[in-house]
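To keep things clear, I will list the structure first and then write my remarks on it.
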Amino acid sequence: MSIIIELDVMMAKRKMRLKELAEKVGVTEQNLSILKNGKAKAVRFSTLDKICEALDCQPGDILVYQAGDEG
Numbered sequence: 095m096s097i098i099i100e101l102d103v104m105m106a107k108r109k110m111r112l113k114e115l116a117e118k119v120g121v122t123e124q125n126l127s128i129l130k131n132g133k134a135k136a137v138r139f140s141t142l143d144k145i146c147e148a149l150d151c152q153p154g155d156i157l158v159y160q161a162g163d164e165g
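As structure tokens, then:
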């Protein structure tokens, strides 16, 4: 996939653990872990909004497009 999730980078910059972020966002640690590890197929805008609010960042700080060969 060409979209890279850099949630772990942003969490490290903010010195926030997965458990703390999950509580602030209102989702399970497991669901955030799936997103963090790039295994998620989709993310709701409402969830992305809460993540950005909790981490004081922009969506582009978390979601990065990387061109590459597919197929």
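So the sequence shown is numbered by the working numbering: it starts at 95 and just counts up by one. Every residue, glycine too, gets a C-beta built ideally from N, C-alpha and C.
Just grab the DSSP bridge partners of V158 for me. According to DSSP, which records beta bridges pairwise, V158 is partnered with I98.
| message | Looking at G154: is its Cβ nearer than 9 angstroms to the Cβ of S96? | response | no
Looking at the secondary structure, which residues open and close the alpha helix (DSSP H) in which N125 lies? E123 to K130
Where does the unbroken alpha helix (DSSP H) through V119 begin, and where does it stop? L112 to V119
**OP:** Starting from the C-beta of S127, find all residues in its chain whose C-beta is less than 7 angstroms away, skip the five residues before and the five after it, and write them out in chain order.
**Re:** L112
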